[in-house]
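Numbering (this note's numbering), first residue to last: 2 to 244.
Each residue gets a CB set at the ideal place from its N, CA and C atoms; glycine is no exception.
Here is the structure we will look at, set down as structure tokens.
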Amino acid sequence: MLSVYKKEVISFFSSLIGYMVIAVFLILIGLFMWVFSETNILDYNYATLEQLFSIAPLVFLFLIPAVTMRSFAEENQRGTIEFLATKPLTDLQIVLGKYFANLTLVFFALLPTLIYYYSVYQLGSPPGNLDTGGIIGSYIGLAFLSAVFTAIGMWASSVTDNQIVAFILGAFLCFFFHWAFSYLSLLPVFAGGLHVFISKIGINYHYSSISRGVLDSRDILYFISMIVIFLLATLTSLSRRKW
């Protein structure tokens, strides 16, 4: 697994892929936080990172599938997946190696946003007047969200040998599992207690819960379950060549 992980990470950072992902993410978030008048922090009357945590899922909706689309689709297209299978590696090790490599790149993109935290920290009146617990919870929620989106994107990449199809499928599924259930729960047919259950199926409900700074074991279990389900689906898809 470690050899696959190293190979993928080196592949990311030996080309423009890794740097472009980090740059695009930081530029988009920076524009929303510091430039656009509708979401500009400087136009608010209080220091907050709410813009970062509300906009980041939307950016990741496109960015993470763009990162993961090549995971298996490129291997299938070039026929190198069979060469990789001849190595002394199990399918699980291949899947986990690629998964953690993709996740590492996403976390590298998140790391520089700590500069935004420091900036907002200094803008507080007095400096440091921030909801630190809420911010830590939001970062944890964003990390879990990234992990789920990465697992979804990898599964989408494993079912096709076309990277564009993998990107579109991954982006659609990320959107569906994050936002669709929140909108479905508002339909009149789900009026009553059922709308809460429908809403809880979606990622947004649990992401919003953790973002309030409350680490509920049910939310953490939900994210872990989603990650495991899609990684197992990816493993099953990868095992098709043996059938």
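- Using a Cβ-Cβ cut-off of 6 Å (strictly less than) and excluding sequence neighbours within five positions of serine 72, which residues of its own chain qualify? To locate residue 72, count along the sequence shown from 1; it is residue 71. Residues of the same chain with a CB within less than 6 Å of the CB of serine 72, apart from the 5 flanking positions on each side, are Lys99, Met155 and Ser158 in chain order.
- Query: With DSSP run on the structure shown, which of helix, strand or coil describes valine 5?
  - Reply: To locate residue 5, count along the sequence shown from 1; it is residue 4. Here valine 5 sits in helix by DSSP.
- Can you give me the Cβ contacts of tyrosine 208 inside the same chain, cut-off strictly under 6 Å, excluding the 5 residues immediately before and after it? Numbered from its first residue, the sequence shown carries residue 208 at position 207. By the criterion of a C-beta distance shorter than 6 Å, tyrosine 208 is surrounded in its chain by Gly142 and Leu146, once the five residues flanking it on both sides are discounted.
- Give the range of the alpha helix (DSSP H) segment to which glutamate 76 is assigned. Locating residue 76 in the sequence shown gives position 75, counting from the first residue. Glutamate 76 -> alpha helix (DSSP H) spans 71-79.
- Check whether the segment 36-53 touches the segment 106-113, taking contact to mean three or more Cβ pairs, one atom from each stretch, closer than 8 Å. Short answer: they don't touch.
- Which residue from Ile28, Phe168 and Val160 puts its Cα closest to that of phenylalanine 63? Walking along the sequence shown from the start, residue 63 turns up at place 62. The shortest C-alpha to C-alpha distance from phenylalanine 63 to any of Ile28, Phe168 and Val160 is the one to Phe168.
- Task: Verify whether the separation of the beta carbon atoms of threonine 235 and threonine 151 is less than 7 Å.
- Result: Working through the sequence shown from its first residue, we reach residue 235 at position 234. Working through the sequence shown from its first residue, we reach residue 151 at position 150. Not a contact, by the Cβ cut-off of 7 Å.
- Task: Give the DSSP-derived three-state secondary structure of proline 127 in the structure shown.
- Result: Along the sequence shown, one-based indexing puts residue 127 at 126. Of the three classes helix, strand and coil, the one that applies to proline 127 here is coil, per DSSP.
- Message: Just checking: is the beta-carbon of alanine 67 within a distance shorter than 7 Å of some beta-carbon in chain D?
- Response: Included in the structure is just one protein chain, with no chain D present.
- Message: By the DSSP assignment, the alpha helix (DSSP H) with tryptophan 180 in it spans what residues?
- Response: Within the sequence shown, numbered from 1, the residue matching residue 180 stands at position 179. Looking at the DSSP string, tryptophan 180 is not in any alpha helix (DSSP H), and its letter there is neither H nor E.
- Simplified DSSP assignment, three categories, for valine 160: For the purposes of this step, residue 160 is taken as residue 159 along the sequence shown, with counting starting at 1. Three-state result, valine 160: coil.
- Item | Residue range of the unbroken alpha helix (DSSP H) whose run includes isoleucine 228 | Position 227 of the sequence shown holds residue 228. Where isoleucine 228 is concerned, the enclosing alpha helix (DSSP H) stretches over 218-239.
- Roughly how many whole angstroms lie between the Cα atoms of leucine 53 and isoleucine 30? Your numbering for residue 53 matches position 52 in the sequence shown. Your numbering for residue 30 matches position 29 in the sequence shown. The straight-line gap from Cα to Cα measures roughly 7 Å.
- Would you decide whether glutamine 123 is buried or exposed? Buried here means 16 or more other CB atoms lie within 10 Å of its CB. Here residue 123 refers to the residue found at position 122 of the sequence shown. Exposed.
- Item | Backbone secondary structure at tyrosine 122 - three-state DSSP | Mapped onto the sequence shown, residue 122 falls at position 121. DSSP places tyrosine 122 in the helix class (H, G or I) of the three-state scheme.
- Query: Going along the chain, which residues of its own chain have a beta-carbon closer than 7 Å to the beta-carbon of glycine 193, five neighbours each way excluded?
  - Reply: By one-based count along the sequence shown, residue 193 stands at place 192. Answer for glycine 193: no residue qualifies.
- Is it the case that the Cβ atoms of alanine 172 and proline 58 are separated by a distance below 7 Å? If you number the sequence shown from 1, residue 172 lands on position 171. If you number the sequence shown from 1, residue 58 lands on position 57. With contacts defined as CB atoms closer than 7 Å, alanine 172 and proline 58 fail to qualify as a contacting pair.
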